[in-house]
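Below: the structure, in structure tokens.
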Amino acid sequence: MSRVPVVCTIIASTAILLASAILTAGPLDPPAGPIAPTYKTLGEIEPRTAINAANTPGNSSAVYVISQPGSYYLTGDVVNTTTRHSILISADHVTIDLNGFAIRGNFSNISGIAVSGSRTNLAIRNGTIQGHGSHGINLLNASVVLISDIRATGNALAGVTPGKKAVLTNVVCSGGAFGFFLESAQECILTNCIASETTSGGFVEGSGRISFFDCIASNTGGSGFVLPAQSQARGCTSTNNSGYGFDVTGSRATMQDCIAESNLLGGYNVQFPGARMTRCSAGQNGNGTTKYSGFNINAQNAELDQCVALGNGLAGYAFGAVKATMRDCLAFGNFGRGIQATQASATLRVFGSRFDNNSIGAEVGSNSIFEQCAFAGNTTGGIQVNGNGNAIIRGCQFSSNGGTGMAIGNGTVVEDCVVTGTVGSGITGGTLNIIRRSTFDTNGTAAGNNHPHILLNGAGNLIEDNYFFNGDSAIAITFAGGSIVRRNIGNGTANNYGAIVSGNRVANINTSATLVSTNPNDNFSY
């Protein structure tokens, strides 16, 4: 075979391949315009400004001064051995990223980060500030502030002072006098923040409208949270503080799903009107040498819903001379009363609540209302009404209380209640009371004493449509003052109606074995 055709074929194939490569490679001419480099500058890679002596030189007030708007960052720890601020912000629109580094003082400095004059639009994030002689962060005269992911530890006065219109997220302050010093704070939001191990308080002061979400105050030398006017705390916990768990210092504060535990002066202290507490708990507060209550309410128109007071040193709920409302609350095992509202003008409306194993279940003033409540195992009584009385107790249950089931005073209406197993009388009272449609079972269990189911020592009472079972006697009225007793049933008591003195109006007592009567007002005894 001739080699010439083979060589020609190879040459032709190579030419075709080269032509194809040229076509797919595109034109060899450069694009129009000047030739420019394609790499990025350092400014494009890191547009922020490093905080250092060259970029942010200091002055007599601070080691570093940020005097221009912009975004700044640390490249390492700042160790301040002077008596000046570590960083001073003297411009608006400044963001500082600590980049995970720390600003360390020597306790003779002023603040870790501070502002000069009134500043706005500031952000500080991601690092540690510790050991300064005043504040970790002091933005007292600033507004529109973001602070996030900061640890402020061991700063002498306060960890963080945020200014007005501030949002703080994931900030931890420990050591020093205060955790968060909110002196000028208004319209601020704090979320997932912690104050601990301070000498004077956790989240303190504040001018108004501060919101706390999922924050914690623990082991401080003052109150855990101070809530100024129109502030709110949701999902917050305050434990082992030397003051109150939550101290309300302004009107219309709101607390929801909060916990106050083992605080020395009490769980919640409300001194301004219109407070709202929902699903809040107070446990083991006020158990020092001097005893205090779980909830201390000394302001008008407070409302408590689904709250719990457990094992507090004094009362579960203590009220001053105020009007307040409780719904679906619990007081259990408090060393004082479940409710302590001893002033005559303390007027409460209480619905669907339980009072168990306290000294007295509830002690209240005139004109109070209890509906669908339960009182059990209280050592010296279920409920006591002070002042002029004039209370309404409706649909309530009293069981196994010491002392008296209900001490109702004067002018009180008791309806549709059940009173059982009381050591003393089921009810004691004075004048002008109405007791109707209630059941009394095995009251007066104390040995050797006569404790009637109902014992009244005043005039003008109405006792009707009640059922009495077991016990010493059904009804005793010791005052000759025209009380009316009708349509009652006594079963198994020692002396159903014999302890009613003359001068009162007792309907016919039917003792017939068939219990048949044509008089609709007859009392029955069997």
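Heads up: take any position in the sequence shown, counting from 1, add 46, and you land on the working numbering. We treat Cβ as the ideally placed atom computed from N, Cα and C, and that holds for glycine.
{"Asked": "What residue range does the beta strand (DSSP E) around Cys-219 cover?", "Found": "210 to 220"}
{"Asked": "Using the DSSP secondary-structure output, state which residues sit across from Tyr-119 in a beta bridge.", "Found": "Ala-96 and Asp-143"}
{"Asked": "Given a cut-off of 7 Å on the beta-carbon distance, is the pair Asn-380 and Gly-362 in contact?", "Found": "yes"}
{"Asked": "As a quick exercise: from Met-372, Tyr-338 and Leu-508, pick the residue whose alpha carbon is nearest that of Gly-457.", "Found": "Leu-508"}
{"Asked": "Checking the sheet assignment: what are the DSSP bridge partners for Gly-254?", "Found": "Gln-232"}
{"Asked": "Applying the 10 Å Cβ sphere with the 16-neighbour rule, what's the burial state of Asp-293?", "Found": "buried"}
{"Asked": "In angstroms with no decimal places, state the Cα-to-Cα distance between Gln-276 and Leu-134.", "Found": "32 Å"}
{"Asked": "Kindly indicate the opening and closing residues of the beta strand (DSSP E) around Asn-537.", "Found": "535 to 537"}
{"Asked": "Considering only C-alpha positions, which residue in the set Cys-419, Asn-403, Gly-423 and Gly-449 is nearest to Ile-439?", "Found": "Cys-419"}
{"Asked": "Does the separation of the CB atoms of Ser-339 and Asn-358 fall below 7 Å?", "Found": "yes"}
{"Asked": "Relative to the C-alpha of Pro-93, which residue among Tyr-118, Thr-102, Val-111 and Asp-303 is closest?", "Found": "Tyr-118"}
{"Asked": "Taking Phe-378 as the reference, which of Phe-258, Gly-329 and Asn-98 has the closest Cα?", "Found": "Gly-329"}
{"Asked": "Can you look up Ile-183 in the DSSP assignment and give me helix, strand or coil?", "Found": "strand"}
{"Asked": "Along the chain, where does the beta strand (DSSP E) containing Lys-337 start, and where does it finish?", "Found": "Counting along the chain, Lys-337 falls outside any beta strand (DSSP E), and DSSP gives it neither H nor E."}
{"Asked": "Is the Cβ-Cβ distance between Gly-476 and Gly-504 less than 7 Å?", "Found": "yes"}
{"Asked": "Could you tell me which of Ile-170, Asn-347 and Ser-154 sits nearest to Gly-116, measuring between CA atoms?", "Found": "Ile-170"}
{"Asked": "Determine the DSSP secondary structure at Ile-555, reduced to helix, strand or coil.", "Found": "strand"}
{"Asked": "Would you report the Cα separation of Ala-148 and Asn-126, rounded to the nearest angstrom?", "Found": "11 Å"}
{"Asked": "What did DSSP end up calling Ile-454 once you bin it into helix, strand or coil?", "Found": "coil"}
{"Asked": "Closest to Thr-266 by CA distance: which of Gly-320, Glu-307, Gly-384 and Gly-407 is it?", "Found": "Glu-307"}
{"Asked": "By DSSP's criteria, Ser-194 is part of a beta bridge. Which residues make up the other side?", "Found": "Arg-171 and Thr-215"}
{"Asked": "Using 10 angstroms around the beta-carbon of Asn-413, count the other beta-carbons present and answer buried if the total reaches 16, otherwise exposed.", "Found": "buried"}
{"Asked": "Based on Cα-Cα distance, which residue from Ile-142, Thr-245, Asn-145 and Val-161 lies nearest to His-131?", "Found": "Val-161"}
{"Asked": "Just checking my contact of Val-465 with Ser-484 at CB under 8 Å: how many whole Å lie between their CB atoms?", "Found": "7 Å"}
{"Asked": "Taking only three categories from DSSP, how would you classify Ile-91?", "Found": "helix"}
{"Asked": "Are Ala-522 and Ser-548 closer than 7 Å when you measure CB to CB?", "Found": "no"}
{"Asked": "Which value, in whole angstroms, describes the spacing of the CA atoms of Val-574 and Arg-373?", "Found": "In this structure the chain extends from 47 to 572, so residue 574 is not present and cannot be described."}
{"Asked": "Classify Glu-409 as helix, strand or coil using the three-state DSSP reduction.", "Found": "strand"}
{"Asked": "Measure the Cβ-Cβ separation of Ile-22 and Thr-128 and say whether it is below 7 Å.", "Found": "A query on residue 22 cannot be resolved here, the shown segment of the chain reaching from 47 to 572 and no further."}
{"Asked": "Please report how far the alpha carbon of Glu-251 lies from the alpha carbon of Thr-245, in whole angstroms.", "Found": "15 Å"}
{"Asked": "Which word fits Ala-99, buried or exposed, when buried means at least 16 other C-beta atoms lie within 10 angstroms of its C-beta?", "Found": "exposed"}
{"Asked": "Considering only their Cβ atoms, is the gap separating Asp-568 from Asn-550 smaller than 7 Å?", "Found": "no"}
{"Asked": "Quick check on the DSSP output: the beta strand (DSSP E) that includes Thr-102 runs from which residue to which?", "Found": "Where Thr-102 is concerned, there is no enclosing beta strand (DSSP E), given that its DSSP letter is neither H nor E."}
{"Asked": "Within 10 angstroms of the Cβ of Tyr-110, are there 16 or more other Cβ atoms? Answer buried if so, exposed if not.", "Found": "buried"}
{"Asked": "Taking only three categories from DSSP, how would you classify Tyr-110?", "Found": "strand"}
{"Asked": "Considering Glu-349, what are the terminal residues of the beta strand (DSSP E) in which it resides?", "Found": "348 to 351"}
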